[in-house]
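So the sequences go chain by chain: A and B.
Going by the numbering used here, 405 is the number at position 405 of the first sequence; the sequence numbering is gapless.
Going by the numbering used here, 226 is the number at position 226 of the second sequence; the sequence numbering is gapless.
Protein chains: 2
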Amino acid sequence: MEIDSPASHEKASLFSRVWWWFEALPKRLTAKVIETASNTKRLAQDDTRRVTHSIKVGLALSLVSLFYYYQPLYDNFGVSAMWAVMTVVVVFEFSVGATLGKGLNRALATLLAGALGLGAHHLANLFGHKGEPILLGLFVFIQAATSTFVRFFPKIKARYDYGLLIFILTFSLISVSGFRDAEILELAHKRLSTILIGGSSCVIISILVRPVWAGEDLHNVIALNMEKLANFLEHPSVIEYFNKSENGDSNDDKSFLQGYKSVLNSKSNEESLANFARWEPCHGQFHFRHPWKQYLTIGNRTRECAYRIDALSGHLNSDIQAKPEICSKIQEACTTMSLESGKCLRELACGVRAMTHPSSAKPQISKAKIAAKKLKLFLKSSLWEQDADLLAVIPSVTVASLLIDIVNCTEKITDSVLELASLAHFESVDPTVSPEKSQVGQGESDKPLTEIACPQVVIILDGSENENPPGPLTNRHIEM
Amino acid sequence: MEIDSPASHEKASLFSRVWWWFEALPKRLTAKVIETASNTKRLAQDDTRRVTHSIKVGLALSLVSLFYYYQPLYDNFGVSAMWAVMTVVVVFEFSVGATLGKGLNRALATLLAGALGLGAHHLANLFGHKGEPILLGLFVFIQAATSTFVRFFPKIKARYDYGLLIFILTFSLISVSGFRDAEILELAHKRLSTILIGGSSCVIISILVRPVWAGEDLHNVIALNMEKLANFLEHPSVIEYFNKSENGDSNDDKSFLQGYKSVLNSKSNEESLANFARWEPCHGQFHFRHPWKQYLTIGNRTRECAYRIDALSGHLNSDIQAKPEICSKIQEACTTMSLESGKCLRELACGVRAMTHPSSAKPQISKAKIAAKKLKLFLKSSLWEQDADLLAVIPSVTVASLLIDIVNCTEKITDSVLELASLAHFESVDPTVSPEKSQVGQGESDKPLTEIACPQVVIILDGSENENPPGPLTNRHIEM
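Set out below in structure tokens:
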């Protein structure tokens with residue numbers, strides 16, 4: 001009995017643990033279900049286009065299934081109708097550009113590979129019953145190895161990767177199945193026409209039912225990223241860094257300032273959007289040869305600015321706080337630099353959004369540059385002589401220096417946006433006209449920062465700005 | 001005649017232009033061919049695994065084509081053998097992890113969707129000849145819309161995106177084609193078995209013939225990125241910034257310093273490698289549950305450090321040069337911080353590469369921290385009193401401050417690498433043992449910087465370091 005005791009104890013504890021697990025199961029399941037439901041709701045609310053896209057895919061697939069349901073259509077295409085279903089599933093992407101790109105890649109690659117496969121089949125036929133399979137195997141090997149290697153070229157990978165995949169697939173299928181099937185030409189024809197039907201129904205539905213344009217997304221994401229940086233630079237806690245050090249207050253609403261972080265890693269998203277955008281026909285205010293490359297330049301410069309802001313953010317959050325006496329001296333110039341750079345970025349973003357010439361950004365950037373010059377002159381003056389302790393000066397001087405960097409970055413962004421404006425023939429706005437309202441999109445209602453006034457036109461007569469509050473800015477989250 | 005003259009001129013000029021175009025064609029074609037050939041050569045030399053991969057795909061595809069060539073195999077599977085060819089083309093990816101992930105996704109999704117499709121087919125059957133197509137269409141719609149929406153969940157998108165695509169595809173095909181085909185069960189069975197044959201031949205070839213492990217790539221890329229930062233920090237032109245300002249020399253070999261730039265945008269590559277790595281079985285020194293997530297943490301911190309280095313680089317390249325007198329005063333501390341941070345990062349990279357405990361990195365980071373402290377103390381001292389002109393101080397103080405930031409970042413990286421070392425049970429090296437040589441890989445022979453000595457063990461007895469030069473470091477370019 002004494003020997004059994006620990007074992008039975010163990011047994012009991014194991015039993016109670018299993019019991020506890022089963023007892024807690026419904027609770028945990030309910031919690032999981034609630035969590036998933038709230039996640040789903042947030043995902044749908046963040047971007048309602050996701051829901052529309054899902055419905056569109058379902059619609060296209062049901063439509064193409066008609067080929068199977070109705071006798072006359074089925075008699076025409078037979079089992080090949082399967083290719084239409086496959087094409088819809090594989091080709092239908094979130095944006096019109098991606099769908100068009102994939103569809104065109106698929107159609108052209110099928111056509112080309114089908115023709116080449118037929119040729120290979122006929123060539124192999126000449127070598128008799130024994131030579132045919134060897135030669136066909138060799139063709140498939142050479143073709144697959146070459147096409148796979150070509151897929152590594154960065155430029156081809158960006159635009160024609162899917163086309164090459166389908167090229168390998170179709171060539172192998174045609175040249176190999178041709179070995180069996182006498183009616184190979186009919187097969188190729190059926191495959192091509194069903195792919196065309198599937199692909200074109202995708203493209204038509206994706207364009208007609210609430211289209212998602214990659215170009216528009218890129219356009220908005222570039223503007224949004226500039227706004228995020230502007231939100232940081234215009235945020236009270238950045239501006240009050242110098243004031244607060246004076247009061248010794250702790251800055252505790254720093255979570256607001258994390259918006260810029262997503263800009264740091266936006267490169268791959270922007271590049272894929274630009275690649276998709278090139279496939280898109282003209283839509284809305286975007287013409288066929290819209291300068292999408294220039295958006296990437298702006299994006300790169302925005303990221304450079306974001307890196308500086310990241311360094312700045314580290315200093316604002318550091319424990320070593322600047323000395324109040326020093327802060328108060330450079331406060332004005334630094335505040336002006338931060339605010340004016342922020343305003344300039346917001347102007348640029350608004351200009352890009354509304355596709356108007358952001359001429360009103362220029363005064364802001366020159367104000368920021370004047371402030372930077374003033375700061376340099378001020379630092380050169382002898383006012384500093386009494387501060388021998390340089391360690392106390394470092395934090396504020398570093399912040400000031402980073403702000404000067406940010407002003408330079410902002411100037412570069414301004415240049416590239418102005419280049420975009422001239423390349424894409426943005427409307428130039430007459431400064432005497434009354435301010436327009438900006439485009440109103442779905443704003444994030446819980447983030448008041450993104451709803452800061454976005455003046456389209458600034459009347460500069462006596463140096464004062466005339467701002468009017470428009471609707472919230474479009475703040476869509478894009479995940480491709 | 002007078003009226004005709006401009007037209008004939010135009011004609012002549014058009015003709016001459018066309019003639020010129022055709023004349024120049026061979027030259028341009030030759031130039032294009034030569035350019036493409038050299039591009040191809042570089043692409044192959046940069047990473048010879050690309051060539052191997054292409055050959056592997058060709059091999060797998062030829063192997064699977066046997067199903068068509070040989071009568072007994074064809075008799076068993078018939079047209080379904082096509083699915084094996086398709087599976088190979090679609091599933092065979094560059095790394096083992098990606099191939100395994102896609103293969104498992106495809107097999108499981110086919111199995112699950114096939115079963116559900118069969119169920120849907122039977123359910124629809126109960127509603128008679130009229131109700132069946134309507135109900136099936138509804139099923140397809142609901143299933144496609146739901147699965148498409150589920151693909152938007154970030155976690156599912158990262159690992160099961162392809163599985164969901166195949167789920168939609170198979171469900172649609174099975175439930176719809178079941179409407180026609182009485183032998184639906186046999187079809188499902190054939191499809192599944194051919195997919196298994198195609199998928200397993202991909203996986204076997206990808207593992208047996210010179211395997212490319214995504215985990216190993218991630219491991220190397222993390223080490224390489226730390227080395228890139230070390231290259232910057234240890235580069236003479238960074239260290240001589242303070243000296244050169246003294247001599248007034250212009251730094252013209254700045255192109256060497258651009259290596260770190262690729263680190264800034266490495267996030268998406270690292271994340272996809274980590275996702276692939278999770279699918280991989282144990283291989284080499286990597287066990288099944290290797291802490292791949294920790295690599296992402298190290299990657300994030302390395303990027304944070306790279307942002308600071310980017311800011312530093314801007315200051316080193318700026319026209320406003322620091323005053324020689326000021327430079328000479330903080331030169332020693334700054335040089336020590338930069339060099340020791342660089343050495344520390346190199347130690348960490350070497351430790352990660354060799355999978356040994358990077359205990360020798362700790363002395364370096366503490367040296368860097370001591371230098372940072374010294375600098376702070378020095379700046380606090382009254383030595384600066386004679387320099388009233390703060391503008392002249394700004395450049396060097398900013399550089400010093402950024403270097404202090406970099407030391408902090410390096411400390412964070414050290415912590416996360418040490419955590420990885422304990423999580424992955426890296427070998428701890430006895431410091432009394434004689435130094436080992438590091439793993440020798442394919443180095444870039446034209447870049448001497450990457451061949452800097454990589455001491456595995458540093459004997460610290462009298463504070464001096466004992467370095468021995470091992471082979472070049474593995475410097476593979478990874479593009480996924």
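Cβ atoms here follow ideal geometry from the backbone N, Cα and C, with glycine treated the same way.
Taking a cut-off of 8 Å on C-beta distances, the region 99-116 of chain B touches the region 190-203 of chain B, as three or more cross pairs fall below it.
Residues of chain A whose Cβ lies closer than 7 Å to the Cβ of V57/B are, in chain order, A144, A145, T148.
Scanning chain A for C-beta atoms nearer than 7 Å to the C-beta of L169/B yields M86, V89, reported in chain order.
No Cβ of chain B is located within less than 8 Å of the beta carbon of T52/A. At least one CB atom of chain B sits nearer than 8 Å to the CB of M82/A.
In the structure shown, the three-state DSSP call for E427/A is strand. In chain order, S206, I207, P211, W213, E280 place their CB closer than 6 Å to the CB of V96/B, counting only its own chain and leaving out the 5 sequence neighbours on each side. The contact set of R308/B on chain A, defined by CB atoms closer than 7 Å, consists of A311 in chain order. Scanning the region 277-331 of chain B from its first residue to its last, the whole alpha helix (DSSP H) runs of 4-plus residues come out as 292-317. The beta carbon of S177/A falls within 8 Å of a beta carbon belonging to chain B, placing the residue at that interface. Contacts between K27/A and chain B, judged by CB atoms closer than 9 Å, are missing: the closest CB pair is about 23 Å apart.
In chain order, K412, I413, S416 place their CB closer than 6 Å to the CB of R301/B, counting only its own chain and leaving out the 5 sequence neighbours on each side. Scanning chain B for C-beta atoms nearer than 7 Å to the C-beta of D217/A yields nothing, as the closest lies near 15 Å away. DSSP places Y260/B outside any alpha helix (DSSP H), giving it a letter other than H or E. Residues of chain B whose Cβ lies closer than 7 Å to the Cβ of K267/A are, in chain order, N265. Per DSSP, R210/A lies in no alpha helix (DSSP H) segment and is marked neither H nor E.
The Cβ neighbour count for T410/A, taken over all protein chains shown within 10 Å, is at least 16; the residue is labelled buried. The bridge partners DSSP lists for T356/A are E427/A. Using beta-carbon distances, S172/A counts as an interface residue toward chain B, with a partner under 8 Å. For L187/A, there are no C-beta contacts with chain B under 9 Å, since the nearest C-beta of that chain is about 10 Å from it.
The beta carbon of P291/A sits closer than 6 Å to those of L423, A424, all from its chain and outside the five residues before and after it, given in chain order.
Under the 8 Å criterion on CB atoms, L43/B is classed as interfacial with respect to chain A. The criterion of a C-beta distance shorter than 8 Å is not satisfied by L224/B and A277/B. Taking a Cβ-Cβ threshold of 7 Å, none of the residues of chain B is close to D415/A; the smallest such distance is about 17 Å. Any Cβ of chain B closer than 8 Å to the Cβ of D161/A would place that residue at the interface, and such an atom is absent. Per DSSP, the continuous alpha helix (DSSP H) segment holding L111/A begins and ends at 96-125. Closest by C-alpha distance to F288/A, out of V140/A, L233/A, E216/A, is E216/A.
In the three-state reduction of the DSSP assignment, D47/A falls in the coil class. The continuous stretches of alpha helix (DSSP H) do not include E93/A, and DSSP gives it neither H nor E. The Cβ neighbour count for F15/B, taken over all protein chains shown within 10 Å, is under 16; the residue is labelled exposed. Put simply, the CB of G314/A is near chain B, with a gap under 8 Å to one of its CB atoms. Taking every protein chain shown into account, the CB of I309/A has 16 or more other CB atoms within 10 angstroms, so this residue is buried. Between the C-alpha atoms of E240/A and L403/A there is a straight-line separation of about 14 Å. Per DSSP, the unbroken alpha helix (DSSP H) holding H129/B starts and ends at 128-150.
Taking CB atoms only, I207/B has no neighbour in chain A less than 8 Å away. For E240/A, the three-state secondary structure derived from DSSP is coil.
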